[in-house]
Amino acid sequence: MPPASRLVEHISEGFKKKRKTVAVFFDVAKAFDRVWHARLIHKLYTLELPGRLVLIIHNYLNNRNFTFRHENTYSTKRTLKAGVPQGSTLSPLLYSAYVNDIPRPSNGVQLALFADDTALYLRGSNFRDTTPQLRRAIDELTRWLRLWRIKVNPEKSAAIRFNYSKHKKKFSVPYNTPTLYIDNASIPWQHNYKYLGVTLDKHLHFRDHVARVSKLTKFYQSRLYGMIGRKSKMSLRNKRTLYLMCIRPVMTYACPVFAHAAPNIIKKLQKIQNKFCRQATDAHWCVKNSVLHRDLELPTINKFMKDASKRFFDMAQNHPNLLIVSAATYEPPPAHHFLRRPRNVLLDPPDALTSEVEKLAEAKACN
Numbered sequence: 001m002p003p004a005s006r007l008v009e010h011i012s013e014g015f016k017k018k019r020k021t022v023a024v025f026f027d028v029a030k031a032f033d034r035v036w037h038a039r040l041i042h043k044l045y046t047l048e049l050p051g052r053l054v055l056i057i058h059n060y061l062n063n064r065n066f067t068f069r070h071e072n073t074y075s076t077k078r079t080l081k082a083g084v085p086q087g088s089t090l091s092p093l094l095y096s097a098y099v100n101d102i103p104r105p106s107n108g109v110q111l112a113l114f115a116d117d118t119a120l121y122l123r124g125s126n127f128r129d130t131t132p133q134l135r136r137a138i139d140e141l142t143r144w145l146r147l148w149r150i151k152v153n154p155e156k157s158a159a160i161r162f163n164y165s166k167h168k169k170k171f172s173v174p175y176n177t178p179t180l181y182i183d184n185a186s187i188p189w190q191h192n193y194k195y196l197g198v199t200l201d202k203h204l205h206f207r208d209h210v211a212r213v214s215k216l217t218k219f220y221q222s223r224l225y226g227m228i229g230r231k232s233k234m235s236l237r238n239k240r241t242l243y244l245m246c247i248r249p250v251m252t253y254a255c256p257v258f259a260h261a262a263p264n265i266i267k268k269l270q271k272i273q274n275k276f277c278r279q280a281t282d283a284h285w286c287v288k289n290s291v292l293h294r295d296l297e298l299p300t301i302n303k304f305m306k307d308a309s310k311r312f313f314d315m316a317q318n319h320p321n322l323l324i325v326s327a328a329t330y331e332p333p334p335a336h337h338f339l340r341r342p343r344n345v346l347l348d349p350p351d352a353l354t355s356e357v358e359k360l361a362e363a364k365a366c367n
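The letter at position 140 of the sequence shown is residue 140 when you use full-length UniProt numbering, and the numbering goes up by one with no holes.
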């Protein structure tokens, strides 16, 4: 989540300064399958890891075979000379070591790298001035990826031009916008892109992200309806636990990145939680949502996201990585300002539902 938070904060700061940000997101094809064993071991020695540990990793990767099965016929065994085991907890760490020496752009272009999610972004007042710098950075990155046998899929990669606007525009970029290339293949301009689980749209409204997670949450909710619905024989405590473990995390994943979105957007997630409360308790339509939240001891989405954001920013301010510290330490715009940044959620007053739930909880505690 820190790379996504750093990118969103970089773009939001640009909005404040009336500057546009162009980001290029690279889709690395089968990243973990393309880790070159011999070069990985060389890089581990270069990183000055203990020799015995490198030998253990070498034995872990060496002498791995695979076969291909078609119906009842098997191919001959082949030796794997590249790739790290899928599903292993060690694989992301080994891939990070493999790409540790990826070139950092020197012309003002920022690099965001988390496992196989790679992005380049640059902020400027004029898009035409930023294009040459981005092209040079893309060419440098492409040469390095080719050298280390890492393949990028240009068709699934995307470029986004972030600029502030209150309304969603029909076209992702103006018609005369220069094209960016990788390996002589054009990178498509998009309205949005899912980066590290968060759908970033060109205006950072997060409407597309909330719409996507809402649809996904409703799908899981329908699948689990037999256990959390009105006619379920499960105890209320187990229904609540199932919701907290399987449904709410889908809505609130990486919430410090988008919790500052407009209230009418976040309200869509609250409606899903309201529906769960009513179904789980088999409550009549006249029972208030605040009463259901109090009885289930369930914080509202607004309250949960605000608390999660506070924990995240408190942790980020004490992080050893200075890039994360700088992205989390700033003075947010005033509450009445037309621009909002991630830290604004910490200054927001509770919404009407949260205030009502807190009053009911206090009254219950007093009694």
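A virtual CB, placed ideally from N, CA and C, is assigned to each residue, including glycine.
Here the structure is a predicted model, which means the values were calculated and not measured.
Using 10 angstroms around the beta-carbon of residue i, count the other beta-carbons present and answer buried if the total reaches 16, otherwise exposed.
i, result
"residue 153", "exposed"
"residue 5", "buried"
"residue 121", "buried"
"residue 69", "exposed"
"residue 320", "exposed"
"residue 297", "exposed"
"residue 289", "buried"
"residue 158", "buried"
"residue 254", "buried"
"residue 72", "exposed"
"residue 56", "exposed"
"residue 337", "exposed"
"residue 277", "buried"
"residue 24", "buried"
"residue 273", "buried"
"residue 294", "buried"
Look at the alpha carbon of residue i and the alpha carbon of residue j, and state the distance between them as a whole number of angstroms.
i, j, result
"residue 323", "residue 78", "44 Å"
"residue 209", "residue 221", "18 Å"
"residue 15", "residue 352", "29 Å"
"residue 83", "residue 235", "46 Å"
"residue 63", "residue 150", "22 Å"
"residue 131", "residue 17", "19 Å"
"residue 136", "residue 180", "10 Å"
"residue 163", "residue 203", "6 Å"
"residue 118", "residue 339", "27 Å"
"residue 345", "residue 104", "32 Å"
"residue 373", "residue 10", "Because residue 373 is not part of the residues shown, which for the chain are 1 to 367, the question remains open."
"residue 196", "residue 256", "13 Å"
"residue 165", "residue 228", "41 Å"
"residue 264", "residue 271", "11 Å"
"residue 194", "residue 200", "6 Å"
"residue 243", "residue 52", "46 Å"
"residue 239", "residue 247", "11 Å"
"residue 267", "residue 354", "12 Å"
"residue 91", "residue 85", "6 Å"
"residue 141", "residue 102", "8 Å"
"residue 279", "residue 108", "53 Å"
"residue 67", "residue 80", "10 Å"
"residue 161", "residue 47", "37 Å"
"residue 187", "residue 27", "11 Å"
"residue 357", "residue 13", "34 Å"
"residue 215", "residue 190", "21 Å"
"residue 125", "residue 348", "30 Å"
"residue 317", "residue 206", "25 Å"
"residue 129", "residue 156", "26 Å"
The alpha helix (DSSP H) that contains residue i, what's its start and end?
i, result
"residue 4", "2–16"
"residue 160", "Looking at the DSSP string, residue 160 is not in any alpha helix (DSSP H); the run it does join, the beta strand (DSSP E), is 158–162."
"residue 257", "255–258"
"residue 303", "301–317"
"residue 68", "Here residue 68 belongs to no alpha helix (DSSP H), and DSSP marks it neither H nor E."
"residue 338", "Unbroken run through residue 338: none, as it is neither H nor E."
"residue 183", "No alpha helix (DSSP H) holds residue 183; DSSP gives it neither H nor E."
"residue 148", "Looking at the DSSP string, residue 148 is not in any alpha helix (DSSP H), and its letter there is neither H nor E."
"residue 347", "Where residue 347 is concerned, there is no enclosing alpha helix (DSSP H), given that its DSSP letter is neither H nor E."
"residue 358", "352–366"
"residue 322", "322–328"
What whole-angstrom Cβ distance do residue i and residue j have, given they're in contact under 8 Å?
i, j, result
"residue 43", "residue 100", "7 Å"
"residue 29", "residue 95", "Between residue 95 and residue 29 the Cβ distance is about 14 Å, and since that is not below 8 Å, they are no contact."
"residue 328", "residue 313", "5 Å"
"residue 114", "residue 22", "Rounded, the Cβ-Cβ distance is 20 Å, inconsistent with contact."
"residue 260", "residue 333", "That belief does not hold up - the Cβ atoms of residue 260 and residue 333 are roughly 10 Å apart, past 8 Å."
"residue 3", "residue 112", "5 Å"
"residue 98", "residue 40", "5 Å"
"residue 198", "residue 251", "About 12 Å; that fails the 8 Å criterion."
"residue 54", "residue 45", "6 Å"
Can you name the start and end residues of the beta strand (DSSP E) that residue i belongs to?
i, result
"residue 119", "117–124"
"residue 112", "110–114"
"residue 23", "20–27"
Shorter than 7 Å, the distance from the beta carbon of residue i to the closest heavy atom of the ligand ATP, or not?
i, result
"residue 40", "With respect to the ligand ATP, the structure offers nothing, as it holds no ligand at all."
Give, in chain order, every unbroken run of the beta strand (DSSP E) that is at least 3 residues long and sits entirely within the region 190–240. Those beta strand (DSSP E) runs which fall completely within the region 190–240 and span 3+ residues are 192–195, 198–201.
Contiguous alpha helix (DSSP H) assignments of at least 4 residues, all confined to the region 29–111: For the alpha helix (DSSP H) assignment, the uninterrupted runs of no fewer than 4 residues enclosed by the region 29–111 are, from N- to C-terminal side, 37–46, 51–61, 91–98.
Residue ranges of each alpha helix (DSSP H) run of no fewer than 4 residues wholly in the region 241–293, ordered along the chain? Every alpha helix (DSSP H) stretch that sits fully inside the region 241–293 and reaches 4 residues is listed by chain position as 248–252, 255–258, 263–281.
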